[in-house]
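Student:
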Amino acid sequence: MGIFDYFSSAETKRADEVRKGAVAPDRSERKKCWEARDQFYGCLDKHNVIDSLNGDGKKTAEKECAPENKQFEQDCAAAWVTYFKKFRVADYQKRRPSSG
Amino acid sequence: MPMPFAPATTSKMLRSIVPKCQQQATAVAATAARQCPRRSLSTTTARAQQPCRPTASTTKASQRCLRAFPSTPSTYNNSAAHQRRYRHKTVEEAKSRYRTGPFSWKAGVLFVLAGGGLVWYFEFEKQRMQRKRVAEATKGVGRPKVGGDFLLQDQNGKPFGSADLKGRYSLVYFGFTHCPDICPEELDKMAQMFDLVEAERPGQLVPVFVTCDPQRDDPATLKTYLSEFHPRFVGLTGTYEQIKDVCKAYRVYFSTPRDVKPGQDYLVDHSIYFYLMDPEGDFVEALGRQHSPDAAAKVILDHVKDWRGPIKQ
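Here the protein sequences come in this chain order: A and B.
Take 1 as the starting number for the first sequence in full-length UniProt numbering and just add one per residue.
Take 1 as the starting number for the second sequence in full-length UniProt numbering and just add one per residue.
(1) Taking just the CA atoms, how far does residue 224/B sit from residue 213/B?
(2) For the stretch 62-79 of chain A, enumerate the residues whose C-beta is nearer than 7 Å to any C-beta of chain B, in chain order.
(3) Spatial neighbours of residue 182/B within its chain, please: C-beta separation below 7 Å, excluding the five flanking residues on both sides.
(4) What is the residue span of the beta strand (DSSP E) that residue 175/B lies within?
(5) Quick check on the DSSP output: what are the complete alpha helix (DSSP H) runs of length 4 or more inside the stretch 115-157 of chain B, in order along the chain?
(6) Could you tell me the distance, in whole angstroms, from the CA atom of residue 129/B to the CA atom of residue 77/A?
(7) For residue 110/B and residue 104/B, what's the separation of their Cα atoms in angstroms?
(8) In whole angstroms, give me the CA-to-CA distance for residue 85/A and residue 54/A.
(9) Quick one: Cα of residue 55/B to Cα of residue 98/B, how far?
(10) Would you give the residue range spanned by the alpha helix (DSSP H) that residue 81/A belongs to?
(11) What residues in its chain sit with their C-beta under 7 Å from that of residue 41/A, if we drop five residues either side in the sequence?
(12) Just verifying my parser: in three-state terms, what is the DSSP assignment at residue 203/B?
(13) Between the alpha carbons of residue 28/B and residue 95/B, how many angstroms are there, rounded?
(14) Under a CB-based cut-off of 8 Å, is residue 83/A close to chain B?
(15) Between residue 200/B and residue 194/B, what straight-line distance do the alpha-carbon atoms span, to the nearest angstrom?
(16) From 310/B, 196/B, 155/B, 134/B, pick the residue whose C-alpha is nearest to that of residue 303/B; which is it?
(17) Using the three-state DSSP reduction, which class does residue 159/B fall into: helix, strand or coil?
(18) To the nearest angstrom, how far is the alpha carbon of residue 63/A from that of residue 52/A?
(19) How about residue 267/B: is its C-beta nearer than 8 Å to some C-beta of chain A?
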């Protein structure tokens, strides 16, 4: 519908570009992404999932944290989503020896 | 009968200095002295004191006092010699002198001040020498060389090289605009560090951001990206080969894929240190994630203050 369509499509286009990694996200987009990531992490914590990319963790994450995951993928670049999911595992392994 | 050898002051002194048991002895001595005048006083007193077993200090005090007492006629008649032998004006002064020895609160304060001053000075010099060692570890022949000459493009598209950094300290950071979490945090930290240094030594530090992802980070992208962190940041980009050479010179590891299809997203793994370079372009120190902005700013400022060479204003 005219001008509204134009604005919303510009916004969608920008979000789409960010997701595909064509443009680098700015400060507010990074913040939004990190918030979505923390929501997703929170859900994984609730269901004791560390690795949401492989095995049982993946199944549980798909079953229990689907909405969070969707939001996460919506707000972050695809490369970042993979990065953060892998980072969670690496970070856990790095912390494990010190925390007992 | 007048007593020529025992003036009033002396007998008073004897009475006031020696405590109780010796007072008896003094009394004995006085009577003895009265009975057999001259020279007999000190020996009599000493003998009379013995059974009392006084403490060391009182013995000393009384002995001293007795020694001050003129024992030969020739001495006590000579008034100049008489005065020289009394080192203290009053009995109280003599008393405190013997109780505390050569120490007084003034001597104590002087000692503490001098000691504290020396400790502070040595600590200061030690830290300065340590910084000097760190700063000069990469100078001269046979040292590992970090950094070097380069020529890239800044965020305005103008050429910018190592020559533009000479004459000032520079803080060099490598990153890329698509960096998910670490670089933005570190760049915010770098902005804080820069502000802290700038507040104390304006214009003596240049913050530099070199991209490891030249394919996607053109000058315009860098400009938009860096303006969100600090308007004074210098953003550098170039061709893949140029960036590779700079990273190699700074011993920076990075893993940008060389041939990426257009539209394909990827991340760059890279070293995350701030490199502090001196006005001659030599590497000084690497600052890492363990440094808080305040700690890092302090490290930088200490080096800046140590610098004795020319600085561009």
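Don't be surprised by glycine CBs; every beta carbon is placed ideally from N, CA and C.
Tutor: Put simply:
(1) C-alpha separation (whole angstroms): 15 Å.
(2) Listed by position along the chain: 77, 78, 79.
(3) Cβ neighbours of residue 182/B beyond the five flanking positions: 272.
(4) For residue 175/B, the enclosing beta strand (DSSP E) covers residues 169-175.
(5) none
(6) Near 48 Å, if we compare the C-alpha coordinates of residue 77/A and residue 129/B.
(7) 10 Å
(8) 10 Å
(9) Residue placement at residue 55/B is flagged as unreliable, the pLDDT there being 45, under the threshold of 50; the coordinate-derived value follows with that caveat. Straight-line Cα distance between these residues: approximately 13 Å.
(10) Residue 81/A -> alpha helix (DSSP H) spans 78-95.
(11) Non-local beta-carbon contacts of residue 41/A in its own chain, meaning distances under 7 Å to residues more than five positions away in sequence, involve 88 in chain order.
(12) coil
(13) The pLDDT assigned to residue 28/B is 45, lower than 50, so where the model puts this residue is not dependable; a value taken from the coordinates is nonetheless given after this. In a straight line, the C-alpha of residue 28/B is about 23 Å away from that of residue 95/B.
(14) yes
(15) 10 Å
(16) 134/B
(17) strand
(18) 11 Å
(19) At least one CB atom of chain A sits nearer than 8 Å to the CB of residue 267/B.
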